[in-house]
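What follows is one structure encoded as structure tokens, with my remarks underneath.
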Amino acid sequence: MKNNEEKESGANSNNRLSKEIEMIKHNLGNPPDLVVRKISLPFQSNGKQNGWIIFLSSLTDQQRIAEEVIRPLTVLVHQFKTTNETRQSYLLKIKELISTAQVEPVENVDKMVLSLVEGYALLIQNSQGLKIDLKKGSYRSIDEPANEKAIRGPKDGFIEDLSTNIALMRQHLRHPDFRIIQQPIGEKSQTNVAVFYVEKFVNKNVLQEVQNRLEEVKLDAVMDAAFIEESIKDHKWSPFPTIEYTERPDKTVASLLEGRVAIMVEGSPSCLLAPTIFAHFIMASEDQYIMSYAATAIRFLRIFALLIAFTLPSLFIALTTIHHGMVPQFLAVTIAKARIGMPFPIAVEVLLIEILIELVREAGLRMPGPVGQSVTIVGTLVIGDAAVSAGIVSAPVVVIIALTTLASFAIPGYHTALAIRLLRFPMMGVAAVLGLVGITWYLMLIIIHLVSIRSFGVPYMKPIAPWSTKDTKDTILRVPRWFLSRSSASYARPKKQS
631 MKNNEEKESG ANSNNRLSKE IEMIKHNLGN PPDLVVRKIS LPFQSNGKQN
681 GWIIFLSSLT DQQRIAEEVI RPLTVLVHQF KTTNETRQSY LLKIKELIST
731 AQVEPVENVD KMVLSLVEGY ALLIQNSQGL KIDLKKGSYR SIDEPANEKA
781 IRGPKDGFIE DLSTNIALMR QHLRHPDFRI IQQPIGEKSQ TNVAVFYVEK
831 FVNKNVLQEV QNRLEEVKLD AVMDAAFIEE SIKDHKWSPF PTIEYTERPD
881 KTVASLLEGR VAIMVEGSPS CLLAPTIFAH FIMASEDQYI MSYAATAIRF
931 LRIFALLIAF TLPSLFIALT TIHHGMVPQF LAVTIAKARI GMPFPIAVEV
981 LLIEILIELV REAGLRMPGP VGQSVTIVGT LVIGDAAVSA GIVSAPVVVI
1031 IALTTLASFA IPGYHTALAI RLLRFPMMGV AAVLGLVGIT WYLMLIIIHL
1081 VSIRSFGVPY MKPIAPWSTK DTKDTILRVP RWFLSRSSAS YARPKKQS
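Taking the working numbering, the leading residue of the sequence shown gets 631, the next gets one more, and so forth.
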């Protein structure tokens, strides 16, 4: 009687198991890369019973499944005592036979499906399941980021694998206070998003604000860190970025030691850093690996380049169109001679060349690397020379736009340079109509806007507004390392450490 009951129980269990597998197939649409394999397992005192290995061959390493799961369960089962035990203790003993580092129980079909699409393999027996981390590691090699190259310093960069990126950060930061909070975001993609910080230095208010904003993100899918940046940043309509991003582990770790928070997304090499101030966008990773006085001089050079990139075309339009008397006589004569026979006003010439330069720049970005660089350089020279030879624009205008473009390339922050380029066009229109008065009012509006911006509660223009002498040591300036008496910046560290 007892044996019949056991057989009936086993049959019911197999029926339930078949339904679960059918539900998994139905939810996934029975894809061609779904592999379902039956294996024999010891179970309690009634000998062996069927179990199932389920995985997606496109995401899971089949060789590791054979070596780390199937082999232990079929060859090493003699080490397994088949005593009359509960199913929970039975699953624990199965976990002991599997040599993979991460093995976790999974309860229902929905979680099983989610585990499969994340790259896990499932071991199911008697409606109980285990998810086994056997993801296939098909990622590009670690290399220096193309957009953040440095002559001196580490040459590693983040890739699209979150686990590898965590390992890179741990290599640079071997501190027990290094913390990681991970959560899935995206109702359909369920993309893993990780938050990094150093417990000793982080401002708890900033950390809590970051977590609150991440919890409020409502997206169907998260394809890149840019999706998260756009969802959680302050002043969403401002052209200036309030979150910095990088692909360098050394820069990320340095930011964590300042008390900032880092955010990374599975499948993206970009790391978001918050809070962010405007001074961060004139800083480069290489500044930390050269002499302090040289780094400080280069930062001031970048500030000068930023001003040139923003104001030079507008100043040229204002001085040559409205304020003729402010131009030195010899220079005014040269410009006047160059403009003989020109069909367009100066403002139109400047706007025309600016648009052509932007087209060439965009074409260079969309073409393959070496070809794109050639198009950007040669295309600019050819178009400029052809425009002057054809009498469409004057040579001084080409020189002014060339200096402006060169200055914009000296700005380390790409999004900041992009904001400068966008805001430059309205200012040229204001300069053509109102001259220097219009430029002054336009700059005042920009400054008021910058001063009013905050990034996760931190003033965007700090340490200038409000002024903080301590925070100028490694923002506007780069003082010698031995002169820095603290690890975290005052805008980021907890109040008790101030």
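Glycine included, each C-beta is placed from N, C-alpha and C at the ideal position.
Interface flag, T690 vs chain B, CB-CB below 8 Å: Annotation note: the requested chain B is absent from the structure, which comprises a single protein chain.
The ligand COA heavy atom lying under 7 Å from the CB of G971: This structure simply doesn't include the ligand COA, nor any ligand for that matter.
One or two residues paired with Y827 in a DSSP bridge: Along the sequence shown, one-based indexing puts residue 827 at 197. Its beta-bridge partners are R809.
Three-state secondary structure (DSSP) of W682: Working through the sequence shown from its first residue, we reach residue 682 at position 52. Looking at W682 - three-state DSSP - the assignment turns out to be strand.
Beta-carbon separation (whole angstroms), P1042 vs F911, contact threshold 8 Å: Here the question's residue 1042 lines up with position 412 in the sequence shown. Here the question's residue 911 lines up with position 281 in the sequence shown. P1042 to F911, Cβ: 6 Å. Contact.
Residues of its chain near R878, where Cβ-Cβ distance is below 7 Å and the 5 sequence neighbours each way are ignored: On the sequence shown, position 248 is the one that residue 878 refers to. Taken in chain order, the residues that qualify are P775, E778, G787, S915.
Contact under 8 Å by Cβ, T704 with I728: Numbered from its first residue, the sequence shown carries residue 704 at position 74. Numbered from its first residue, the sequence shown carries residue 728 at position 98. Their beta carbons are not under 8 Å apart, which means T704 does not touch I728 by this criterion.
As assigned by DSSP and simplified to three states, the class of E778: As a working mapping, residue 778 is identified with position 148 in the sequence shown. Coil.
E877, enclosing beta strand (DSSP E) - first and last residue: To locate residue 877, count along the sequence shown from 1; it is residue 247. First-last for E877: undefined, no H or E at that position.
Pair within 8 Å by beta-carbon distance, I938 and L1033: Along the sequence shown, read from residue 1 onward, the residue named residue 938 stands at position 308. Along the sequence shown, read from residue 1 onward, the residue named residue 1033 stands at position 403. Cβ distance < 8 Å, so I938 and L1033 count as in contact.
Beta bridge counterpart(s) of G759 as assigned by DSSP: Here residue 759 corresponds to residue number 129 of the sequence shown, with the count starting at 1. G759 is bridged to V736, I754.
DSSP-derived helix/strand/coil call for V665: Within the sequence shown, residue 665 is the residue found at index 35, counting from 1. Strand.
Cβ pair N587, L803 closer than 8 Å: As displayed, the chain neither begins before 631 nor continues past 1128, which places residue 587 out of reach and without an answer.
A851 in three-state terms, based on DSSP: As a position in the sequence shown, residue 851 is number 221, starting the count at 1. The answer is coil: DSSP assigns A851 none of H, G, I, E or B.
Distance between V666 and N645 (C-alpha atoms, nearest Å): Working through the sequence shown from its first residue, we reach residue 645 at position 15. Working through the sequence shown from its first residue, we reach residue 666 at position 36. Low local confidence applies: a pLDDT of 49 at N645 is under 50, so the model's placement there is unreliable, and no value is given.
Spatial distance of I933 from I1022 (CA atoms): The residue you call residue 933 lines up with position 303 of the sequence shown. The residue you call residue 1022 lines up with position 392 of the sequence shown. Cα to Cα, I933 sits roughly 33 Å from I1022.
Where the alpha helix (DSSP H) containing A904 begins and where it ends: For the purposes of this step, residue 904 is identified with residue 274 of the sequence shown, where counting begins at 1. Segment 901-904 is the beta strand (DSSP E) holding A904; no alpha helix (DSSP H) there.
Own chain, CB closer than 7 Å to R1108, minus 5 neighbours either side, in chain order: One-based indexing of the sequence shown puts residue 1108 at position 478. Excluding positions up to five away in sequence, the list reads D917, S922, A925, T926, R929.
Residues of its chain near E737, where Cβ-Cβ distance is below 8 Å and the 5 sequence neighbours each way are ignored: By one-based count along the sequence shown, residue 737 stands at place 107. Only G759 meet the Cβ criterion.
Assigned secondary structure, I965 (DSSP; H/G/I helix, E/B strand, else coil): For the purposes of this step, residue 965 is taken as the residue at position 335 of the sequence shown. Of the three classes helix, strand and coil, the one that applies to I965 here is helix, per DSSP.
Proximity to P806 [Cα-Cα], best of S757, E734, K830: Here the question's residue 806 lines up with position 176 in the sequence shown. Closest option to P806, Cα to Cα, is K830.
Close beta carbons around L744, own chain, < 7 Å, minus the five adjacent residues each side: On the sequence shown, position 114 is the one that residue 744 refers to. Cβ neighbours of L744 beyond the five flanking positions: Q820.
Spatial distance of I781 from I920 (CA atoms): Along the sequence shown, one-based indexing puts residue 781 at 151. Along the sequence shown, one-based indexing puts residue 920 at 290. Going from the Cα of I781 to the Cα of I920 covers about 10 Å.
Proximity below 8 Å, CB of A948 to CB of A1061: Here residue 948 refers to the residue found at position 318 when the sequence shown is read from its first residue. Here residue 1061 refers to the residue found at position 431 when the sequence shown is read from its first residue. The answer is yes: Cβ separation under 8 Å.
S675 - DSSP class collapsed to helix/strand/coil: One-based indexing of the sequence shown puts residue 675 at position 45. The predicted model places S675 with a pLDDT of 46, which falls under 50 and marks its position as unreliable; any figure quoted below should be read in that light. Coil, per DSSP.
Other residues of its chain near I684: CB distance less than 6 Å, five sequence neighbours each side excluded: Start at 1 with the first residue of the sequence shown, and residue 684 comes out as number 54. For I684, where only same-chain residues beyond five positions count, the Cβ hits under 6 Å are V666, L752.
Cβ-based burial, R1145 [other Cβ within 10 Å; buried from 16]: Residue 1145 is absent from the structure shown; the chain starts at 631 and stops at 1128.
Secondary structure of N822, DSSP reduced to three states: Counting from one through the sequence shown, the residue named residue 822 turns up at place 192. It is a strand residue.
Enclosing beta strand (DSSP E) for I1078 [first to last residue]: Residue numbering aside, residue 1078 sits at position 448 when the sequence shown is read from its first letter. Segment 1044-1082 is the alpha helix (DSSP H) holding I1078; no beta strand (DSSP E) there.
Bridge partner(s) assigned by DSSP for K1103: In the sequence shown, counting from the first residue as 1, residue 1103 sits at position 473. DSSP output for K1103 lists no bridge partner at all.
Where P1056 falls, given that 16 or more other Cβ within 10 Å makes a residue buried: Position 426 of the sequence shown, counted from the start, is the residue given in the question as residue 1056. It counts as exposed.
Per-residue burial, W682 [other beta carbons within 10 Å of its own, 16 or more giving buried]: Stepping through the sequence shown from its first residue, residue 682 is reached at position 52. The residue in question, W682, is buried, as its Cβ has 16 or more Cβ neighbours within 10 Å.
Where K765 sits in the DSSP three-state scheme: Within the sequence shown, numbered from 1, the residue matching residue 765 stands at position 135. Three-state result, K765: strand.
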